[in-house]
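Quick notes on the structure that follows.
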Amino acid sequence: MEFIKQIKFMLTISVAVVTGAVLLVSCSTAPPLEEPIADDAGDISFVRQVVPVLLGRKVRGYEELTALTDIITATDRETLIRALMEEDQFVSYWSEALVDHLRIAREGGKSQFGCYGAPLLAGPVTDTLADFVLNNVPSADFGTSFNMSDLLASIVKHDNLFTLYKAHLFPMVNRPASFFGDLAEQMRRADLATNFEHTYLNRQQLCLQCHNSETSASGEESGWDRTHAVPGHFEAAIYGSSSGTSPEQASAIFRTDVRFGSLNPWGINNSCGSFKPAVEKDPENFSAWFTRPLGRQVSVRNVSEILQFGYVELDSDGLTRSLPISEQQQCEFCSTSCDGVAVDEDAPLNAVNAAAVKTILVDNCATAGCHDVGGGGGDSFQIPTDDSWHTDLVNIEATTEPAGGNQIRVVPGTASDSYLINKLTGVDIGGSQMPLGGGPLAAGQISTIENWINDIPSGAACNVCDTLDCNPPYPVSIPGHEAAAFLLAERIVDNVWKQAMGYPLTIANYFPRNDSQLNILWHLTESVFIPSNWSLKELLVKILTSEYFNRSAPRFAAGTTPYHLPMIYDPWVDADPRVPPVSEAGYDPSSNPQVHNNAMSDGIHRYTAHNLLSSINSALDWPEPQRFPPATGYPDSNLERAIGQYLSDSSAGSTSTDFQALLHWESVHGVCDKNGVVGSDWIDDVMTQVAGFGGGGGPLTLEDLTVLLKDWLISDGTIATTVPDSLLQDEATVLADYFGSALNTDASTLANLEDKLRGLCGVMIQTPDFWLAGIAPTAIGPEPRLRVCNGVPCSYQEICNDLKPAIDNLISGTLTCNSDSVTASLGLSRNQLICPNGICKFMPMATRKVEICLANPSKCLRTPPLCDPRCKSIECCGGTLPPLDKQGMMVSWADGANVTQAENIKVLRLGDHRFTTLEKGERVNQGDLLAITPEGKLQLDAELGRLQTEKRDQKRQRKPQLMLITGDRSIAPKRDIKQEKAQPLDEKALTARHAEMLRKQRQGPWRWGEAGRPLTNEQRRGYVGPEEEMTKQYIEEQLKLQEQGAQKQPLR
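For the sequence shown, position 108 matches number 108 in UniProt numbering, and the numbering has no gaps at all.
Laid out in structure tokens, this is it:
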């Protein structure tokens, strides 16, 4: 586990819409995730942790720590988060974080120094530029030259991250890698395509062969499912196949010969690229494929258009999931043609020529490595030698079909529509003609097969109906443009989660490794980020107010064990269930929680390189880190490279800590000797204050200055007087030895005081407190006698007043900042009144969608989403109500609530087609949609509490809000697995399944998992042995599980 290496090192110093027979689903939430034990570390710890995440620096000591903690007490954590995100530091810090997420090269031939360097626009940052780029095509001109640095800051201000990724496509293509020779253009394209897939889609073509949303080498078939994808065949939608397309087709859209034209996208500066307005036929003569065949006259502009189209569609209706076309056709056929039809399961065996057809296929096609049982070859179907030889043929869709697809291998009664005949004749097929490598079948043999197919009663097509699931929770077919935009959103969410929490929700194969990681990633993407217009702020609010942020240290953990968290930080601790001891009968996971759960210590992580250097800049007034670090000066490129800053593909950086990084850090910062500082730094200011100190309580002592320095650098001035385990002295004794004088010595009498303070500074900025995040002290620490500021709001009252305008805009009242206290003149805020936690959740929605609903009720969302607003976990609905300038829908648990006040409130009753006036004395019911106008007054008395508009504060111009009433009937009942075990296990099928599982465990990539830890010899021996004995044991275990009603259900 990475954090152990770090700590040891550092311590050494949905809506469902049924259209005809086709099911379309715009799912609004992921399945529920088991909530971890409540174990919050308190507001003091929260402030210490949230400030570095949002502003990229440490808390500025006691005054800021107490001021921000008191603001939380007067309001709440969400209000503080939103206020901090209005600070200029938030824009600057997250601009740098997003540059890292985009993998902007700082050096080499792909360097974006010109485009992402110093901004070109003068004046304060506004959202005007970002709004223009989002809502206009690349041929539009902003009118003033700008670069990506200008746009990036404007985007963070505008708070829609889609704009960044839409615009960055052009600078990315403008600076391809340098290659030479005949294949130079193809290699440039391949490099750009690889970068795009990694940065935008979180996929890689090479990996799709083994891991994709449809199947995985470490999926269920391996006996231990370690690949958990958001439901939907995303790769098939983007590339035409879940296993990807050819490298040439995937990269053809990133051709570089379209550069150096007269079009500057949106009027951007030439340093970011100029492009040819018209695209000629590809000189490399490759046809591009991205979400569909695009032909040979395409460029990166088409990528931008496709992503924009997907963004608009996701914004309009969410992700559209549907049944594949072939399944839709089969479901429609079954619903219209098979009602009451008697099905003869043996019809294919009783049709004319059946025995002869079996012989032809077995002799010619069921050869080793092709269609033999277990061979895994040819079109993924098998031809057994028993009476099930036709099972993979009749009514089964082919997988190697030509463009247009949706071919059925054998259509009962109609040989001319059967794809098997196409494969045997070689006409209009995908892949090779059958039999592979053996020459075509004789015409007579093909005629025999045709006669067999024609003699199968057409009613036999109804055999498939019993195996169809025409109403799955999450259909898998997705439009290509939506799939591309969704994967981009998912990638951004994973990046932001990692930035805030230290570890990603996906592993090296680009997928979550367990359900817990999946459900967080899925929910944050589909229910929070996309509906909130790709808002960075709303995403951060959801993450930082979740139960996973700011948890107690393991030694103070609630419960009987510190291992009570889902495996979202370190998924690799999970024990292999296929081998002892987990596979043994009677095994109790609670007896070994460390191999089934995470502890909060698994969440400890190192701050990013930029965060560490920004904290130095903020505390000591040293030069701030540059986006393109210089070769010399401070901080230079060697320092940034050493501590893990991303600089290029070959110097990709990390947040791990190694000995060389610490040595380099110490060589630069060891005694805090004013690297590159011209004039005074913070320690100089401290020395000046010491010389002129006239405060009460006598002269400043060494202890006073130590408290001051620790408080300012790591926000905790505590000096420990207890000897830690395994050490010989306490901190106070060590400090006295270091200074060479008792800590109560008058500091001004120490001749080498400045050198000692700088040396102590060097120690503090190399401690775990400075470098590591995830767990923070819960006590406030002592108040320093001296407060030294470095030109920023520094006193308690100044810090409070700096945040006051933002907070006043968020609350129904006024924040009052005193010299050492904070008060807020409010009772319940509008948020708490109209959408109280535990009764109501907010689901973000584009402003225009609210307006369209109000103007045209037929366009309103009418079915309550599959979420429970009473739930407090991270994956529940959207969140609490945001500021008043945000629009969306409140989902309220108020089925049957009495209307005790209603003025200027409209209601769209379930089943009605227009809004009517809601009257006092009525009831609201599940499915009712309320339109609350800015001047409206509403009060609902529900079973769980009251929902009401505020009774005062009409000074703000609010926008109309929607409230959808939900209740028990909208929440899908939990599956009762015990009631689903009516069908007994088929021991014959189970034997074959287990034999196949054993074969895969012994061969190919399955034997090594998903590039995880190799199996030990003991574990490997657990896989071998008499297969019959293991199969018998397996069947017995499965039958036992079935009897207990505890079979694992696959995620839909």
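Don't be surprised by glycine CBs; every beta carbon is placed ideally from N, CA and C.
Residue environment analysis places Gln660 among the exposed positions, since fewer than 16 neighbouring C-beta atoms fall within 10 angstroms of its C-beta. Cα atoms of Asp141 and Leu487: separation of roughly 29 Å, rounded to the nearest angstrom. Spatial neighbours of Ala720 in its own chain (CB-CB distance under 8 Å, excluding positions within 5 residues in sequence) are listed in chain order as Asp730, Glu731 and Ala732.
Minimum Cα-Cα distance from Leu613 among the listed residues Asp469, Ala942 and Pro623 corresponds to Pro623.
Going by C-alpha positions, Gly644 is about 23 Å away from Cys115.
Rounded to whole angstroms, the Cβ separation of Thr163 and Leu134 is 4 Å, and the two are in contact under 8 Å. In this model, Ser92 and Gly181 are separated by some 42 Å (Cα to Cα). Leu705 is positioned such that its CB atom lies no closer than 8 Å to that of Ile839. Nearest neighbour of Asn925 by Cα position, chosen from Thr767, Thr79 and Ser892, turns out to be Ser892. Of the candidates Ala398, Thr128, Ser447 and Pro412, Ala398 places its Cα closest to the Cα of Gly431.
By the Cβ criterion, the segment 195–212 is in contact with the segment 232–246, since at least three pairs of Cβ atoms, one from each stretch, lie closer than 8 Å. With fewer than three CB-CB distances shorter than 8 Å, the segment 90–110 does not count as touching the segment 808–823.
Counted as a single uninterrupted DSSP element, the stretch harbouring Trp266 is not any alpha helix (DSSP H), since DSSP gives it neither H nor E. Counting of Cβ neighbours within 10 angstroms places Val137 among the exposed residues, the total staying below 16. Out of Ile834, Lys804 and Cys817, the CA that lies nearest to the CA of Thr79 is found in Lys804. With the rule of 3 Cβ pairs closer than 8 Å, the segment 522–534 counts as touching the segment 485–503. The beta strand (DSSP E) runs of length 3 or more contained entirely in the segment 493–517 do not exist; there are none.
Around Ala942, the same chain offers Ala894 and Ala897 as residues with beta carbons nearer than 6 Å, after the five sequence neighbours per side are excluded. In the DSSP assignment, Cys840 forms a beta bridge with Ser892. About 6 Å separates the CB atoms of Asn463 and Asn395; that is less than 8 Å, so the two are in contact.
By the beta-carbon neighbour count (other beta carbons within 10 angstroms, threshold 16), Gly888 is buried. With a cut-off of 8 Å on Cβ pairs, the segment 152–168 is in contact with the segment 123–131, counting three or more such pairs. Listed in chain order, the non-local C-beta contacts of Tyr563 below 6 Å within the same chain comprise Pro593, Gln594, Asn597 and Ala599, local neighbours out to five positions each way being set aside. In its chain, beyond the 5 residues on either side, Pro577 have a beta carbon closer than 7 Å to the beta carbon of Ser583.
In the three-state reduction of the DSSP assignment, Val50 falls in the helix class, which pools H, G and I.
For Arg946, the enclosing beta strand (DSSP E) has its first and last residue at Gly945 to Gln948. Per DSSP, the continuous beta strand (DSSP E) segment holding Gln961 begins and ends at Gln961 to Thr966. For Thr816, the pairing in a beta bridge is given by DSSP as Thr823. With respect to the 8 Å criterion, Asn147 and Leu120 are classified as neighbours on the basis of their beta carbons. Between Gly676 and the set Gly717, Glu666, Pro625 and Lys710, the nearest pair of CA atoms involves Pro625. In this structure, DSSP gives Glu397 an extended state, which the three-state scheme calls strand. In this structure the segment 350–361 lies against the segment 438–456, because at least three pairs of beta carbons, one per stretch, are closer than 8 Å. Restricted to the segment 229–294, the beta strand (DSSP E) segments that are unbroken, complete and at least 3 residues in length are 259–263, listed in chain order. Nearest to Ala67 by alpha-carbon distance, out of Tyr587, Leu84 and His211, is Leu84. Judged by DSSP secondary structure, Asp941 falls within the beta strand (DSSP E) whose first and last residues are Leu929 to Ala942. Rounded to the nearest angstrom, the gap between the Cα atoms of Asn422 and Ser447 is 12 Å.
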